[in-house]
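Residue numbers (the numbering used here), protein chains in the order written: chain R, 3 to 92; chain W, -13 to 359. Notes to accompany the following structure.
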Amino acid sequence: MCLGVPGRVIEVREFTATVDFWGVRKDVRLDIVDEPVAPGDYILNHVGFAIRRIPPESVDETLALYEMLLGGDDTDLMTSDVRGEIEGTS
Amino acid sequence: MTGTPLQFRDPELARAMAATLQRLVARLDRPVAVMHVCGSHEQAIAKFGLRSTFPKALDVIMGPGCPVCVTDVPEVDEGVLLARQGVRIATYGDMLRVPGTVQSLADAQADGAKIDIIYSPKQAVDLARNTTDEVVLFASGFETTAVATAAVILDDPPPNFSVLSAHKYIPPVMEIVAEMPGSRIEGFLAAGHAAVITGSAVFEPFVERNRVPVVIAGFEPMDILAGLVELVELILAKTPKVVNAFPRCVTREGNLAAQEQLWRVFRPIGGRWRGIAHVPNGNLRLRDEFAHVDARRRFTIDLPSLWDFAPPALAGQCLCGDIMAGIRNPRDCRLFNRECVPENPVGACMVSNEGTCRIWHLYGGVPDLEASA
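Written as structure tokens, this is what we have:
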């Protein structure tokens, strides 16, 4: 639960953004994000809320970490937590 | 170390970092114990087999870093009683099998209670908008998750929506664990993503009072090794301070907008953390201005109606509390991997993906290769 998940912002509508998480598109709320967010930006999502705009220079290494985490099978707790955040976030 | 960009998945660098950690602990020339307070840290340590690279004299203990596990029995009872009254409960999946005095939410569900599993508090609000039922968000989680609960409360939820808060606040429990008699903890590794919200500054008063260093670390194996190196350096130098070893994500101030919403909605009060202790300021409850969305004030919850029931016999043998306080580990528990398994958990630490026992169960129960040799 304390692991946020990064995604790419597709569209912003007032306080909600459509965000792409490895092909899964979800609406994410922008109420509490630390900086203004625009399409193309990456955000860190936690339980359906963007908690941080990821600085462009950190995007690649952040994605690399999560690709490694997502590489586990379904019994892996980190993989299942990250997948849960991606698939469950409406 | 601070501010140095780390490279991921670089075995050379990982070996060098592990060697540095060995060297530093050898210089200390005595056993040393540090604690992390995050299920994701434990998952990463176990998943990547990091304990086998740690020096033998360094004990890295998982503390009360699983919010579901520290949800106290009476809090679960409140959710169960509301569900049995016909209120629709929306909660995170991990909460369903956490044992209450008599029943878990899953037991209540089997008896016909309406329980919906959600991944985000906004799903609970959507649920309320689409039904005439009373919907209660049974909200667990540390401050990172509480800000999301605060945001939906501030966003004009429908009148049939309310919140049963079991949210917990991490800094006060670190104080409790650090001061426990017999505590060997000389430093804390704090969870990177929680600190995205709170900022590293949230730990400064703790360090000031307890003279124990805190290092904020990320979740990548290298981040954890680098955080431990930093922590042992601080212990060696006898300079207790807060060091942010995760600067690519965490700032000193944190996310001020989120903190503002968090503290506008919630106030910290004292309360029990399951198996650990009464933690002053450790629970987050709704402020009076939000009484109208506070399930504890909207409904009568008859907790004493459960007090005639004796707790299940096995629960008395559960060591979850001592495990989360860092005094013992799952291998010390006679129920671990016998009567207590994920399919049929006795204690809350076996329920959640972030619970120590659940994590150790998955990785063979003995993630520490050195200790198993």
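Backbone N, C-alpha and C define an ideal beta-carbon position, used for all residues, glycine too. On a predicted model such as this, the values are computed, not experimentally measured, just so you know.
Going along chain W in order, which residues have a C-beta closer than 7 Å to the C-beta of R/R15? The contacting residues do not exist; R/R15 stays about 15 Å from chain W at best.
Quick check: is the beta carbon of R/I53 nearer than 8 Å to any beta carbon in chain W? yes
Less than 8 Å between the beta carbons of W/D45 and W/A12, yes or no? no
Examine the ligand COA and report whether any of its heavy atoms sits within less than 7 Å of the Cβ of W/R170. Among the ligands in the structure shown, none appear at all, so the ligand COA cannot be discussed.
Helix, strand or coil for R/H48 per DSSP? strand
Coil, strand or helix - W/Y78 by DSSP: strand
Where do the N-terminal and C-terminal ends of the alpha helix (DSSP H) with R/G6 fall, by residue? Careful: R/G6 lies outside any alpha helix (DSSP H) and carries neither H nor E.
Sorted by chain position, which residues of the same chain lie with C-beta nearer than 6 Å to W/A181's C-beta, five sequence neighbours on each side aside? I202, V236
Counting along the chain, where does the alpha helix (DSSP H) carrying R/G86 start and finish? 79 to 90
Just to confirm, are W/A125 and W/F252 a CB contact at a threshold of 8 Å? no
Using 10 angstroms around the beta-carbon of W/H278, count the other beta-carbons present and answer buried if the total reaches 16, otherwise exposed. exposed
Rounding to the nearest angstrom, what Cα-Cα distance links W/H27 and W/I287 in this structure? 36 Å
Any beta carbon of chain A sitting closer than 8 Å to that of R/I12? In the displayed structure, chain A is absent; the protein chains listed are R and W.
Give every residue of the same chain whose Cβ lies closer than 7 Å to the Cβ of R/D22, excluding the five residues on either side of it in the sequence, and list them in chain order. G9, R10, I12
Same chain, Cβ closer than 7 Å to W/M48, five either side skipped, listed in chain order: H22, E28, T342
Bridge partners - W/A263, DSSP secondary structure assignment: W/W259
Have a look at the DSSP bridge pairing and note the partners of W/F174. W/M21, W/V200
R/G73 to R/L32 span [Cα, whole Å]: 29 Å
R/T18, enclosing beta strand (DSSP E) - first and last residue: 18 to 23
Residues from the region 81 to 102 of chain W in contact with chain R, defined by Cβ distance under 9 Å: none
Within the continuous alpha helix (DSSP H) that includes W/M48, where are the two ends? Premise fails: W/M48 lies in the beta strand (DSSP E), 44 to 48, not in any alpha helix (DSSP H).
Relative to the C-alpha of W/L272, which candidate in W/V149, W/I101, W/R74 has its C-alpha closest? W/V149
Looking at C-beta atoms only, is the number of pairs between the region 55 to 74 of chain W and the region 166 to 182 of chain W that lie closer than 8 Å three or more? no
Using a Cβ cut-off of 8 Å (strictly closer), state whether W/E206 contacts chain R. yes
Any residues in the region 288 to 305 of chain W with a beta carbon nearer than 9 Å to a beta carbon of chain R? Which ones, in chain order? none
Helix or strand or just coil, what does DSSP make of W/F189? helix
If you count every other CB in all the chains shown that lies within 10 Å of the CB of R/E89, and 16 or more means buried, which is it? exposed
Taking only beta-carbon atoms, is R/R31 less than 8 Å away from chain W? yes
With a cut-off of 8 Å, do at least 3 Cβ pairs link the region 302 to 316 of chain W to the region 44 to 53 of chain R? no
Quick check on the DSSP output: the beta strand (DSSP E) that includes W/I101 runs from which residue to which? 101 to 104
In this structure, how does DSSP classify W/L(-8) when only helix, strand and coil are distinguished? Low confidence applies here, because W/L(-8) scores a pLDDT of 37, under 50, leaving its location unreliable; read the following figure in that light. If DSSP states are grouped into helix, strand and coil, W/L(-8) belongs with coil.
Shortest alpha-carbon distance to W/V188 belongs to which of W/V228, W/F205, W/R197? W/V228
What three-state label does DSSP hand W/F322 in the structure shown? strand
Could you check which residue in W/R344, W/S106, W/E340 has the C-alpha nearest to that of R/D83? W/E340
Quickly, what does DSSP pair W/G252 with across the bridge? List them, please. The sequence given here has Phe at residue 252 of chain W, not Gly. The partner list for W/F252 (beta bridge, DSSP) reads W/L272.
Looking at chain W, which residues of the region 55 to 78 of chain R have a Cβ within less than 9 Å of any of its Cβ atoms? I56, P57, E59, S60, E63, T64, A66, L67, M70, L71, G74, T77, D78
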